[in-house]
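Engineer: Can you keep this structure in mind? I'll have questions shortly.
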Amino acid sequence: MARHRPARRLRRGQRGLPAAPGRAAAAGRAHPGGGAVSRVLLFGASGFLGRHVHSALLDHPRVGDVVCPGRDQCDLVAATVGEITGLLRSQRPTAIVNCTGLLDGDTTQLMLANTVVTAKLLDAIAATDPRIRLVRLGSAGEYGPVPFRLPVAETEAARPISPYGLSHLTATRLVYTAARHGRVDGVTLRVFNPIGAGSGEAGLLGRAAAQLRHATMRDCASVTFGPLSAYRDFVDARDVGTAVTAAVLAPRMPSRILNVGSGRAVQARAAVQALARLAGYRGDIVESGQGAARSAEISWMCADISRAMAMLGWRPVHAFEDSLTAVWAGLSPA
3 MARHRPARRL
13 RRGQRGLPAA
23 PGRAAAAGRA
33 HPGGGAVSRV
43 LLFGASGFLG
53 RHVHSALLDH
63 PRVGDVVCPG
73 RDQCDLVAAT
83 VGEITGLLRS
93 QRPTAIVNCT
103 GLLDGDTTQL
113 MLANTVVTAK
123 LLDAIAATDP
133 RIRLVRLGSA
143 GEYGPVPFRL
153 PVAETEAARP
163 ISPYGLSHLT
173 ATRLVYTAAR
183 HGRVDGVTLR
193 VFNPIGAGSG
203 EAGLLGRAAA
213 QLRHATMRDC
223 ASVTFGPLSA
233 YRDFVDARDV
243 GTAVTAAVLA
253 PRMPSRILNV
263 GSGRAVQARA
273 AVQALARLAG
283 YRGDIVESGQ
293 GAARSAEISW
303 MCADISRAMA
313 MLGWRPVHAF
323 EDSLTAVWAG
333 LSPA
């Protein structure tokens with residue numbers, strides 16, 4: 003749940019509500035990252051990562067108003083560039099954060115939600131004010147297979163193996179090109195495997211937590227998963243929130259692609275076993291089947307986060323065990 007500042011500012015971060023002028027706005031419009039940001043327009047605030055980003059923005063003293071349009075106000079997939087431009091001109095944000103996107107679907111759906119939405123935002127920003135800082139959440143899926151046991155840097159060749167990864171890579175390249183030509187002050191944060199409270203069952207550990215709780219409550223002798231040999235960089239959603247906030251506030255953005263991860267790789271098997279201990283489950287963990295083709299082709303993923311640390315002054319602070327506790331505590335009621 004997002005934490006709010008004192009009551010006199012309580013309503014500024016609520017979804018769908020027009021924001022009252024904040025401290026930075028009272029002193030004049032601040033250039034994004036120029037010491038303070040007067041107004042952030044946050045899309046996707048009701049989603050898993052969006053909620054954590056919202057909380058981090060609200061908690062930062064140099065962030066003024068946070069406006070969170072709901073889909074009823076602006077559905078980025080359905081909206082035209084003109085409609086989005088109208089919203090930007092009415093709200094006059096100094097920064098925009100896009101946490102919307104699609105994880106699954108057919109190629110057309112993924113391209114519309116992840117790529118075309120980005121193109122619309124870029125066109126709308128260029129028509130409104132190119133100084134607006136755009137921070138969009140990309141994905142480690144943009145990389146595809148990478149060398150085993152080596153952290154992947156932003157300079158690594160991107161070779162996505164799925165329409166999902168390709169949709170994000172195309173969006174990342176759109177932001178890079180627009181920024182290079184001065185149409186927008188934009189950056190893509192390539193988020194690795196986010197975990198934390200509210201993750202639901204979209205990711206491996208969210209599904210595993212739900213299965214383990216079910217098995218514990220019913221005293222099941224075993225729980226079956228797909229193959230758990232792959233290594234992944236699990237990053238706490240709260241650390242993603244602080245990375246986004248740092249990107250919003252950064253005075254300069256010399257690089258337009260930044261990895262956001264924990265900087266460590268954990269084998270999925272070890273992660274599930276740690277969750278089982280947390281759940282108090284003493285039965286067998288069985289691996290069966292072939293699992294998802296996308297996961298099978300990528301046996302290793304670990305982020306080199308040195309660029310984000312240097313450029314943003316950011317670093318992840320949550321231990322993996324702390325993140326697992328948040329996943330477990332955030333399970334929906336059985």
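If you want this note's numbering, it's the position in the sequence shown, counting the first as 1, plus 2.
Note that CB positions come from ideal geometry on N, CA and C, so glycine has one too.
1. Given a threshold of 16 other Cβ atoms within 10 Å of its Cβ, counted over all protein chains shown, does Met219 qualify as buried or as exposed?
2. By a C-beta neighbour count over all protein chains shown, 10 Å radius and 16 as the cutoff for buried, is Val319 buried or exposed?
3. Which class does Leu333 belong to by DSSP, given the choice of helix, strand or coil?
4. Does the count of Cβ pairs from the region 33-52 and the region 191-206 closer than 8 Å reach three?
5. Classify Ser325 as buried or exposed, calling it buried when 16 or more other Cβ atoms lie within 10 Å of its own Cβ.
6. Could you work out which residue in Gly208, Asn116, Arg215 is closest to Gly167 when comparing CA atoms only?
7. Distance check for Asp106 and Ser169, CA to CA, integer angstroms please.
8. Would a C-beta distance cut-off of 8 Å place Ala267 and Trp302 closer than the cut-off?
9. Count the C-beta pairs between the region 205-222 and the region 274-290 that are closer than 8 Å, then say yes if the count reaches three, no if not.
10. Could you tell me the distance, in whole angstroms, from the CA atom of Thr226 to the CA atom of Arg215?
11. Jot down the residue ranges of each uninterrupted beta strand (DSSP E) in the region 130-214, minimum 3 residues, whole runs only, in chain order.
12. From what residue to what residue does the alpha helix (DSSP H) around Gly66 run?
13. Check this for me: beta carbons of Val274 and Leu230, under 8 Å apart or not?
14. Can we say the region 307-321 touches the region 235-248, given the rule of at least three CB pairs closer than 8 Å?
15. Closest to Val193 by CA distance: which of Val42, Asp77, Val55, Leu44 is it?
16. What is the residue span of the beta strand (DSSP E) that Ile287 lies within?
17. Once DSSP output is grouped into helix, strand and coil, what is the label at Ile259?
18. Within the chosen definition, does the region 113-132 reach the region 70-87 through at least 3 CB pairs nearer than 8 Å?
19. List the residues that DSSP assigns as beta-bridge partners of Ser224.
20. I'd like to know whether the C-beta of Val262 is nearer than 8 Å to at least one C-beta of chain C.
21. How would you label Ala97, buried or exposed, when you count the other beta carbons within 10 angstroms and need 16 or more for buried?
22. Among all the DSSP beta bridges, which residues are the ones paired with Asp238?
23. Figure out for me which residue from Asp131, Ala328, Ser257, Ala142 has the closest Cα to the Cα of Leu171.
24. Determine the extent of the alpha helix (DSSP H) in which Ile86 is found, giving its start and end residues.
25. Decide if Asp286 is buried, meaning its Cβ has at least 16 other Cβ atoms within 10 Å, or exposed.
26. Assign Pro149 to one of two classes, buried (16 or more other C-beta atoms within 10 Å of its C-beta) or exposed (fewer than that).
27. Since Ala305 sits in a beta bridge, which residues does DSSP pair it with?
28. Does Glu323 pass the burial test, meaning 16 or more other C-beta atoms within 10 Å, or should it be called exposed?
29. Can you give the Cα-Cα distance for Tyr1 and Gln269, rounded to whole angstroms?
30. Taking all protein chains shown into account, do 16 or more other C-beta atoms lie within 10 angstroms of the C-beta of Arg41, making it buried, or fewer, making it exposed?
31. Contact check, Cys304 vs Asp238 under 8 Å by CB: the rounded distance?
32. Taking only the alpha-carbon atoms, compute the straight-line gap between Thr102 and Gly37 and give it to the nearest angstrom.
33. Report buried or exposed for Leu152, applying the criterion of at least 16 other Cβ atoms within 10 angstroms of its Cβ.
Structural biologist: This is what the structure gives:
1. Here residue 219 refers to the residue found at position 217 when the sequence shown is read from its first residue. Exposed: under 16 other Cβ atoms inside 10 Å.
2. Your numbering for residue 319 matches position 317 in the sequence shown. It counts as exposed.
3. Taking the sequence shown and counting its residues from 1, the one referred to as residue 333 is at position 331. DSSP places Leu333 in coil when its eight states are reduced to three.
4. yes
5. Indexing the sequence shown from 1 puts residue 325 at position 323. Label assigned to Ser325: buried.
6. Locating residue 167 in the sequence shown gives position 165, where the first residue counts as 1. Of Gly208, Asn116, Arg215, the residue nearest in Cα terms is Asn116.
7. Position 167 of the sequence shown holds residue 169. Position 104 of the sequence shown holds residue 106. Rounded to the nearest angstrom, the two C-alpha atoms are 11 Å apart.
8. In the sequence shown, residue 267 corresponds to position 265, counting from 1. In the sequence shown, residue 302 corresponds to position 300, counting from 1. Yes.
9. yes
10. For the purposes of this step, residue 226 is identified with residue 224 of the sequence shown, where counting begins at 1. For the purposes of this step, residue 215 is identified with residue 213 of the sequence shown, where counting begins at 1. Spanning the two alpha carbons is a distance of roughly 13 Å.
11. 135-141, 187-193, 195-197
12. The sequence position of residue 66 within the sequence shown is 64, counting from 1. No alpha helix (DSSP H) holds Gly66; the beta strand (DSSP E) holding it covers 65-69.
13. Taking the sequence shown and counting its residues from 1, the one referred to as residue 274 is at position 272. Taking the sequence shown and counting its residues from 1, the one referred to as residue 230 is at position 228. A contact, by the Cβ cut-off of 8 Å.
14. yes
15. Within the sequence shown, the letter at position 191 stands for residue 193. Nearest option by C-alpha distance: Val55.
16. The residue given as residue 287 occupies position 285 in the sequence shown. It spans 286-289 - the beta strand (DSSP E) in which Ile287 sits, taken as one unbroken run.
17. Numbered from its first residue, the sequence shown carries residue 259 at position 257. It is a strand residue.
18. yes
19. The residue labelled residue 224 in the question sits at position 222 within the sequence shown. Bridge partners of Ser224: Asp286.
20. Included in the structure is just one protein chain, with no chain C present.
21. Here residue 97 is taken as the residue at index 95 of the sequence shown, counted from 1. Classification for Ala97: buried.
22. One-based indexing of the sequence shown puts residue 238 at position 236. DSSP lists Ile197 as partners of Asp238.
23. Against the sequence shown, residue 171 aligns to sequence position 169. Among Asp131, Ala328, Ser257, Ala142, the Cα nearest to that of Leu171 is on Ala142.
24. Taking the first residue of the sequence shown as 1, we reach residue 86 at position 84. From DSSP, the alpha helix (DSSP H) with Ile86 extends over 83-93.
25. Walking along the sequence shown from the start, residue 286 turns up at place 284. With fewer than 16 Cβ atoms within 10 Å of its Cβ, Asp286 is classed as exposed.
26. Residue 149 sits at position 147 when you count from the first residue of the sequence shown. It counts as exposed.
27. In the sequence shown, residue 305 corresponds to position 303, counting from 1. Its beta-bridge partners are Val154.
28. Against the sequence shown, residue 323 aligns to sequence position 321. Exposed is the call here.
29. Absent from the structure is residue 1, since the part of the chain shown begins at 3 and ends at 336.
30. Counting from one through the sequence shown, the residue named residue 41 turns up at place 39. Arg41 comes out buried.
31. The sequence position of residue 304 within the sequence shown is 302, counting from 1. The sequence position of residue 238 within the sequence shown is 236, counting from 1. In fact, because the Cβ distance is near 15 Å, the residues do not count as touching under 8 Å.
32. One-based indexing of the sequence shown puts residue 102 at position 100. One-based indexing of the sequence shown puts residue 37 at position 35. So the two alpha carbons sit approximately 27 Å from each other.
33. If you number the sequence shown from 1, residue 152 lands on position 150. Under this definition Leu152 is an exposed residue.
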